[in-house]
Amino acid sequence: MKKKLRVLIAAGFAAIPLALAGCGAGVASGSAAASSSKPVDGGNLVIDRSNDAVSMNKTTTFDNSSIYVMEQIMEPLFTVSNDGKTIEPWLATGYTVSANKLTYTIKLRSGVKFSNGQPMTSADVKFSIDQNTATGQAGWGYINSAIKQVVAVNPLTVQIDLKYAWAPILADLSLFANAIIPNNYAGETAAAFYQHPIGTGPFEWDVWKKGQYIKLVKNPHYWQPGKPYLNSVQFDVVPDASTRQLQLEGNQADIDTFPDWSTFSALKSTPNITATAFPSTEIDYLTMNEKVAPFSDIHVRQAISDAINRTALVDAVLFGNGKPANSLLMPGVPYYDATGGETYNLAAAKKEMAESSKPHGFTTTLQIASGNADEAAAAQIVQAELKPLGITLNIQQMDPTAQHASLLADTFDMAYAQWTMDIPDPDEWTSFAVNPKGGASSAFTYYDNPAVVSLNSQAEQEIDPTKRAALYDQLQQLTSQDAFLAYLYYVPYAYATTDNVHGFYVTPLGNFHLENVYLTS
Amino acid sequence: MTTTPAPTLTPPKARRRAVRARSLRPWYRNGSLVAGIVIVGGLILVAVFAPLLTPYSPTTQNLTDVLQGPSAAHWLGTDQFGRDVLTRLIWSTRVDLRIGFMAVLIPFVVGTVLGGLAGYFGGWIDTVVMRLVDIFFAFPFYVMVIALVFVLGAGETSIYLAIAAVSWVSYAKIVRGEILVAKQQDYVMAARLGGFSHLKVLVRHIGPNVLSQAIIYAMSDIVQDIMAIVTLGYLGLGIAPPTAEWGSMIAGGQQFITTQWQQATIPGLAVVVTSLGLSWLGDGLSDLLSPDRRK
Amino acid sequence: MLHRLRFIPGRILQAIPVAIGVTILVFMMSHLLPGNPAVAMLGNHATPAAVAALSKHLGLNQPLWDQYWLFLVHLLHGDLGESITYQQPVFGLVMSAAPVTLSLVLYALVLSLIISVPLAGWAASRPGGVRDLGVRGYTLLGQGMPQFWTGIMLILLLAVRLRLFPVSGYGQTPLDHLYYLFLPALTLAISMCPTIIRSLRASTIQVLGSEYIGTARSKGIGGASLFRVHVLRNAAIPTVSIVGVNLGFLVGGSLIIEQVFAIPGLGSLMINAILSDDFPTIQGVALVVALFVVVVGVLTDIVYTLLDPRVDLANTEAVR
Chain A
0 MKKKLRVLIA
10 AGFAAIPLAL
20 AGCGAGVASG
30 SAAASSSKPV
40 DGGNLVIDRS
50 NDAVSMNKTT
60 TFDNSSIYVM
70 EQIMEPLFTV
80 SNDGKTIEPW
90 LATGYTVSAN
100 KLTYTIKLRS
110 GVKFSNGQPM
120 TSADVKFSID
130 QNTATGQAGW
140 GYINSAIKQV
150 VAVNPLTVQI
160 DLKYAWAPIL
170 ADLSLFANAI
180 IPNNYAGETA
190 AAFYQHPIGT
200 GPFEWDVWKK
210 GQYIKLVKNP
220 HYWQPGKPYL
230 NSVQFDVVPD
240 ASTRQLQLEG
250 NQADIDTFPD
260 WSTFSALKST
270 PNITATAFPS
280 TEIDYLTMNE
290 KVAPFSDIHV
300 RQAISDAINR
310 TALVDAVLFG
320 NGKPANSLLM
330 PGVPYYDATG
340 GETYNLAAAK
350 KEMAESSKPH
360 GFTTTLQIAS
370 GNADEAAAAQ
380 IVQAELKPLG
390 ITLNIQQMDP
400 TAQHASLLAD
410 TFDMAYAQWT
420 MDIPDPDEWT
430 SFAVNPKGGA
440 SSAFTYYDNP
450 AVVSLNSQAE
460 QEIDPTKRAA
470 LYDQLQQLTS
480 QDAFLAYLYY
490 VPYAYATTDN
500 VHGFYVTPLG
510 NFHLENVYLT
520 S
Chain B
0 MTTTPAPTLT
10 PPKARRRAVR
20 ARSLRPWYRN
30 GSLVAGIVIV
40 GGLILVAVFA
50 PLLTPYSPTT
60 QNLTDVLQGP
70 SAAHWLGTDQ
80 FGRDVLTRLI
90 WSTRVDLRIG
100 FMAVLIPFVV
110 GTVLGGLAGY
120 FGGWIDTVVM
130 RLVDIFFAFP
140 FYVMVIALVF
150 VLGAGETSIY
160 LAIAAVSWVS
170 YAKIVRGEIL
180 VAKQQDYVMA
190 ARLGGFSHLK
200 VLVRHIGPNV
210 LSQAIIYAMS
220 DIVQDIMAIV
230 TLGYLGLGIA
240 PPTAEWGSMI
250 AGGQQFITTQ
260 WQQATIPGLA
270 VVVTSLGLSW
280 LGDGLSDLLS
290 PDRRK
Chain C
0 MLHRLRFIPG
10 RILQAIPVAI
20 GVTILVFMMS
30 HLLPGNPAVA
40 MLGNHATPAA
50 VAALSKHLGL
60 NQPLWDQYWL
70 FLVHLLHGDL
80 GESITYQQPV
90 FGLVMSAAPV
100 TLSLVLYALV
110 LSLIISVPLA
120 GWAASRPGGV
130 RDLGVRGYTL
140 LGQGMPQFWT
150 GIMLILLLAV
160 RLRLFPVSGY
170 GQTPLDHLYY
180 LFLPALTLAI
190 SMCPTIIRSL
200 RASTIQVLGS
210 EYIGTARSKG
220 IGGASLFRVH
230 VLRNAAIPTV
240 SIVGVNLGFL
250 VGGSLIIEQV
260 FAIPGLGSLM
270 INAILSDDFP
280 TIQGVALVVA
290 LFVVVVGVLT
300 DIVYTLLDPR
310 VDLANTEAVR
């Protein structure tokens, strides 16, 4: 996002402050900052990715391939800043919070129209948020569980009443699931509407050839004047990474989504191609099931965590792109603590093993998803790194759905998993990970530390950013000590673009605003 | 749905000449058989003596030496984990050969028994078995195998079960076909008239001829099974890492195809050589056991 | 001649229990897959509560027998059900993927015939000679190459090194399709040719040695005309049967090729459906493929009967 609108904020409450350091630069030349060349109108942008989208229903869709497309069509009230740390107004222009922190009054931007020409009003906002809340646990509705009600005060003002003080509320509203769509689905049923969704975004729906491509065209009613520059955007399905690379080199595609890390430096040095590793909020980790001995033993968990050479993993699997993961939170998220946490120390690992309930080691199984070369590589390296402790790690490859089913059914010892944030707030992840009653049973580890649980619920309700930071610091230190998850690494988003592409930038949450992109020849 | 094999018409003189020529030749003059024995025998030796053939371990990682090209120390270079590619190639022989041979056992037994019963007794047994055959036959081989491995979870046992579930069909068809023809031969009718029981007739009279056809088919089936195992390994549904296996080696090497092309290419060549050996062996056996049927 | 075609009604009747058997098998298989579509859709966000709620939302909780019955009932109306993942009729998904696979398979068949017929003819004209040995060597090699590996090798040589063909994908216009499908079709053809060549070569040798060819030769007919008119017509007969049988294998084998070359056909649809536990789609695709194999089988028998006046398929023994 190039232009940043400054926000008028009522007295007493500031926006979430810029976080501590720890967010690497990683911004490629020629992409993020204001380009020196002048934007050119026209062109069809072709984006290659390995999977097709699944659905455009923003309330029940969880896969990125669908999300990246729908974000170009439907927009939320707020959005995340480029560095991932602050919330910025988007379809809203500002907000005030009541003294008791339970009521948010949000001002809507005037002059915004849907792609069908209809103006956006508070009725549409209320409908959109309520529809998401209604899906409940079957979709993203749970993220609105703090909302008591949404009131359309006047056509350009919306009031949100909360059940309890809830710091992540603005971050929740910036989630694509809460994007704004026309009231009553513009007269259609929900199912029909989502076959060709209508929104306020820079592009509108054109066509979807399943398994092949999705095409979007310019929205003539878009509220940012002069944008989008592109006439159309095409999302092509190209499962093989080498093919994507060849298409990029042959100018049949403009953007290659997630090239293989093994080809990354070669891409960087290819003339006319820019390869960028955008900092992300992805963390890869190993889940340890505490219902299975010996993982209930903290010494065993710490030994495993200390024995993993994360730098070696980053070098061998990510070919140097990425960072060792030291903490529960990730660099792109507010309140990330870069200091301390889980680190590599083989001597300490052996000491912990000696003090544990299984000083001579044991045999266990690690479940990974099949068809994922990076996961297989990381698993094999970890397997080798745990051998000196006497731990024999058997690797079991399962199809991804079966692997998730196994987590749910509690039929695993260790499992490879990852998480990427969807909102610019730690809560979505911390509640999933540390709360044994939080639906996921502490990321399926059954980890239960009352001190940590209490820290998490306090942080959810604490609006003051400084106090919140202190709470999350403590939470990160405690969880690293308990080593309930063995953190592996933080993985950036890899993108390769031709040098004709300007203005392409990916936030740590993974989304990109295509209205800023233009093509030169 | 099943078509009985077309009667092969060969002019009498040409046939007799060919049969005499082939059956008069001693086995060691049969080119295919010898080539097959040499290759397959060689592969078995390589598999058995793998640890002696190379100083490296197929699974120990060496993360400082990754993705090296071919050199004096590593004739085929190293892979993503610094493991010697040639060593892994050699050790894969153990896995792929063993599983390939074992995987034919269950379908062979099940298919032969069912096909035998169907062909010999006919009637409703035949109808039921052949309908089952039709149903399984209508399924694309790989769809079934992949789905079954998904259901059963990846691993050696699942591979055996999945392949068994799908390939018994061919044995059933062949055995049934052979028995249908054999039943009508004079010597069988003579045996039955002479008072031999069904079982005796099956085992002593019809059995050997029928079995030889099944065995010949089994040789090509081993090839097909090795293909399936290698394909499953390629899809990530085969033997778990870090065990070396040709299919997973090809999958692992595919991302380096532009820089270290030998990683994806050479294991495939190993599969080709193995299949060649087995096919020649099969052809040779076919000559030995039924010279008049040689295609 | 029509008298010999009387096996058709019987064969069609036989197809019905087979079709039902296939639906039962597919139904059982897809419901045995671990997890369910809700887990697949939720991915990392799957929690027991979310899975339960989404399953209910998608109607996944009815007893199996009810689901199977509904499936059959819909099937009789030509409705293959609705994909859970895409929330769209399976019929539509299949109809957009099927032409892709069919074009690939037919393209492969055409290429196979172009390669096999001349090779088989050369080999058969002098059995035991150098050409024959070369052709037979090729058939053995072709059978030994794993299809996905052949595909990768072709990509490496013709697409990456020589840049003659695209690495993968399907293209947008029909002319594009011909270009993009060449390598995948060639890969399939390479694995199909050995079987065709073996059969064609063997039957050509037999036909060449037969008496009526001798008669034709003595009449002065020779060379290519002899081959085309007399030899090929008769030698092709057993091969037709083999091609028919192999068409079924081809459709199944195309699954792997579609993965390697990223072709949006039935194989890719099937694999994605298996990966996301989308059992309506799994059932729909498996059923369509099975029916295709069955239909091809019947058509093969018809062609076979028409070509060879000696064959009477209605006369299969009731055994004793």
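These protein sequence lines are chains A, B and C, in that order. Numbering follows numbering that gives the first Met the number 0, with no gaps: position 308 of the first sequence is 307. Numbering follows numbering that gives the first Met the number 0, with no gaps: position 116 of the second sequence is 115. Numbering follows numbering that gives the first Met the number 0, with no gaps: position 252 of the third sequence is 251. A virtual CB, placed ideally from N, CA and C, is assigned to each residue, including glycine.
What three-state label does DSSP hand residue i in the structure shown?
i: residue 239 of chain B; result: coil
i: residue 218 of chain C; result: coil
i: residue 34 of chain C; result: coil
i: residue 294 of chain A; result: coil
i: residue 516 of chain A; result: coil
i: residue 414 of chain A; result: strand
i: residue 212 of chain B; result: helix
i: residue 68 of chain C; result: helix
i: residue 396 of chain A; result: strand
i: residue 487 of chain A; result: strand
i: residue 501 of chain A; result: strand
i: residue 492 of chain A; result: strand
i: residue 368 of chain A; result: strand
i: residue 350 of chain A; result: helix
i: residue 274 of chain A; result: strand
i: residue 87 of chain B; result: helix
i: residue 317 of chain A; result: coil
i: residue 431 of chain A; result: helix
i: residue 48 of chain A; result: strand
What residues match up with residue i in a beta bridge as DSSP calls it?
i: residue 112 of chain A; result: A:118
i: residue 204 of chain A; result: A:215
i: residue 81 of chain C; result: C:88
i: residue 322 of chain A; result: A:489
i: residue 511 of chain A; result: A:505
Check whether the Cβ of residue i lies closer than 8 Å to any Cβ atom in chain A.
i: residue 68 of chain B; result: no
i: residue 183 of chain C; result: no
i: residue 227 of chain B; result: no
i: residue 295 of chain B; result: Nothing can be reported for residue 295 of chain B: it is not among the residues displayed for chain B, which extend from 0 to 294.
i: residue 43 of chain C; result: yes
i: residue 153 of chain B; result: yes
i: residue 157 of chain C; result: no
i: residue 73 of chain C; result: no
Would residue i count as contacting chain B if we go by Cβ distances under 8 Å?
i: residue 251 of chain A; result: no
i: residue 20 of chain C; result: yes
i: residue 70 of chain C; result: no
i: residue 397 of chain A; result: yes
i: residue 336 of chain A; result: no
Is the Cβ of residue i closer than 8 Å to any Cβ of chain C?
i: residue 106 of chain B; result: no
i: residue 249 of chain B; result: yes
i: residue 170 of chain B; result: no
i: residue 146 of chain B; result: yes
Taking Cβ positions only, does residue i come closer than 8 Å to chain E?
i: residue 267 of chain B; result: The chain inventory of the structure shown lacks chain E, comprising the protein chains A, B and C.
On a Cα-Cα basis, can you pick out the residue from the options that is closest to residue i?
i: residue 517 of chain A; options: A:509, A:160, A:508, A:503; result: A:503
i: residue 191 of chain A; options: A:109, A:279, A:54, A:340; result: A:54
i: residue 264 of chain B; options: B:164, B:30, B:76; result: B:76
In chain order, which continuous runs of the alpha helix (DSSP H) of length 4 or greater are located wholly inside the stretch 78-159 of chain A? 121-134
Where in the stretch 94-127 of chain B do unbroken runs of the alpha helix (DSSP H), each at least 4 residues long, occur, reported from the N-terminal end onward? Complete alpha helix (DSSP H) runs here, min 4: 104-120.
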